[in-house]
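Numbering (my numbering), first residue to last: 1 to 354.
Glycine included, each C-beta is placed from N, C-alpha and C at the ideal position.
It should be emphasised that the depicted structure is a prediction, and the values quoted were computed from it without experimental measurement.
The structure under discussion appears below in the form of structure tokens.
Shown next as structure tokens:
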């Protein structure tokens with residue numbers, strides 16, 4: 001085990017079979033699951049960027065859970081294509097890996113397995129409820145957050161994680177246990193952790209990249225549940241627009257703030273995922289190059305701009321609630337623009353002859 005005196009420090013090499021000691025850029029990342037997988041692969045000698053991992057895992061999407069009747073006003077949205085473990089399994093399958101997701105309701109067993117993996121020199125991708133992680137200062141629960149656990153000291157009860165922060169993070173045993181055992185929804189973590197033959201990961205051929213792009217488009221345009229894809233985005237737009245027009249000003253401000261957090265910060269947010277997807281299309285040029293790629297990149301740029309305009313209205317400069325409410329009335333137009341851009345761009349994307 002790694003003790004406090006040998007805890008990871010930025011600037012060192014990645015050493016397979018040892019603690020994760022990455023350069024500062026390899027601590028942190030854009031999105032928790034793609035960052036955790038990238039770092040796990042790096043430890044095993046495989047270098048694949050986060051944008052490529054996101055795109056191969058299915059890319060962007062939309063999922064919407066309305067607020068319960070009579071309950072809190074907080075709904076929830078996700079702007080990635082697929083929840084855990086669907087998205088993560090797809091990522092690994094695209095790399096030729098067979099992913100195992102381990103779960104248990106026994107905290108002692110979970111702790112023992114984690115330490116066995118670390119003792120064998122294998123970092124662990126583990127799932128936690130970010131409400132219990134002090135660096136998030138979260139006001140709500142979310143158990144679908146992935147971190148890379150790379151070292152532990154059983155004597156002091158200290159465990160070191162790599163998260164989206166630009167450096168190693170230390171947590172005590174009680175904090176990590178609470179985060180892994182949380183039974184709060186959405187997505188209680190159930191002590192989940194991942195295993196695979198990470199060193200065997202390889203990028204797919206051009207057909208694999210094409211399947212990933214067309215799968216992303218299909219998830220947006222042909223999602224079966226009414227709360228997913230572009231239909232889910234339209235439903236969310238209708239609910240938010242209705243609240244803007246009819247709800248008390250303080251509720252509207254709460255809804256706009258919640259949407260801003262989801263779109264700009266949660267996971268990596270709507271605009272953030274779309275930035276990553278644009279980078280995926282750019283980095284995938286060796287596999288996707290041809291006449292279809294420039295218009296695909298243009299469509300991705302339009303989607304990024306639309307999400308940016310939307311988020312700018314969700315979180316304008318500080319102002320009294322009434323002034324902010326008046327500004328928010330512009331959202332109706334922005335939603336229609338956003339949906340039109342997505343429908344046009346991704347119906348087009350689906351038909352690209354990559």
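Between residue i and residue j, is the Cβ-Cβ spacing less than 8 Å?
i, j, result
"residue 274", "residue 303", "yes"
"residue 147", "residue 128", "yes"
"residue 61", "residue 79", "yes"
"residue 149", "residue 159", "yes"
"residue 196", "residue 99", "yes"
For residue i, which residues in the same chain have their Cβ closer than 8 Å to its Cβ, ignoring the five residues on either side in sequence?
i, result
"residue 226", "232, 235"
"residue 259", "77, 240, 314"
"residue 370", "Here the chain has residues from 1 to 354 only, and residue 370 is not among them."
"residue 107", "177, 180, 181, 191"
"residue 65", "75, 76, 77, 186, 227"
"residue 184", "129, 131, 141, 143"
"residue 47", "41"
"residue 175", "132, 133, 134"
With a CB to CB cut of under 7 Å and the five nearest residues on each side skipped, what residues in its chain are close to residue i?
i, result
"residue 73", "Unreliable placement is indicated for residue 73, whose pLDDT of 47 sits below 50; no coordinate value is reported for it."
"residue 289", "none"
"residue 103", "190, 191, 192"
"residue 135", "165, 169"
"residue 30", "50, 268, 272, 276"
"residue 53", "34, 37, 38, 91"
"residue 308", "271"
"residue 105", "190"
"residue 243", "251, 252, 255"
"residue 301", "278"
Would you give the residue range spanned by the beta strand (DSSP E) that residue i belongs to?
i, result
"residue 307", "Counting along the chain, residue 307 falls outside any beta strand (DSSP E), though it belongs to the alpha helix (DSSP H) covering 293–314."
"residue 195", "193–195"
"residue 64", "60–65"
"residue 162", "158–162"
"residue 169", "169–172"
"residue 80", "76–80"
What distance in whole Å lies between the Cβ atoms of residue j and residue i, which are believed to be in contact at a cut-off of 8 Å?
i, j, result
"residue 131", "residue 138", "5 Å"
"residue 41", "residue 201", "6 Å"
"residue 204", "residue 94", "6 Å"
"residue 284", "residue 96", "About 17 Å separates the two Cβ atoms, so there is no contact after all."
"residue 206", "residue 287", "4 Å"
Using CA atoms only, rank isn't needed, just tell me which of the options is closest to residue i.
i, options, result
"residue 32", "172, 299, 142", "142"
"residue 86", "105, 57, 112, 98", "57"
"residue 116", "92, 93, 152", "152"
"residue 173", "206, 198, 133, 200", "133"
"residue 298", "114, 286, 281", "281"
"residue 122", "292, 194, 263", "194"
"residue 154", "212, 114, 308", "114"
"residue 261", "47, 75, 43", "75"
"residue 118", "208, 43, 84", "43"
"residue 145", "300, 301, 294, 266", "266"
Hey, quick one: how far does the alpha helix (DSSP H) through residue i stretch, first residue to last?
i, result
"residue 277", "270–283"
"residue 46", "Unbroken run through residue 46: none, as it is neither H nor E."
"residue 150", "Residue 150 -> not in any alpha helix (DSSP H); beta strand (DSSP E) instead, spanning 145–153."
"residue 115", "107–119"
"residue 94", "86–94"
"residue 266", "Counting along the chain, residue 266 falls outside any alpha helix (DSSP H), and DSSP gives it neither H nor E."
"residue 356", "Because the chain here runs from 1 to 354, residue 356 falls outside it and cannot be looked at."
"residue 126", "Unbroken run through residue 126 is the beta strand (DSSP E), 124–128; no alpha helix (DSSP H)."
"residue 381", "No information on residue 381 is available, as it lies outside the stretch 1 to 354 that the chain covers here."
"residue 209", "206–221"
Excluding the five sequence neighbours on either side, which residues of its own chain have a C-beta within less than 6 Å of the C-beta of residue i, listed in chain order?
i, result
"residue 82", "58"
"residue 264", "311"
"residue 111", "none"
"residue 171", "159"
"residue 89", "99"
"residue 212", "55, 56"
"residue 109", "none"
"residue 84", "144"
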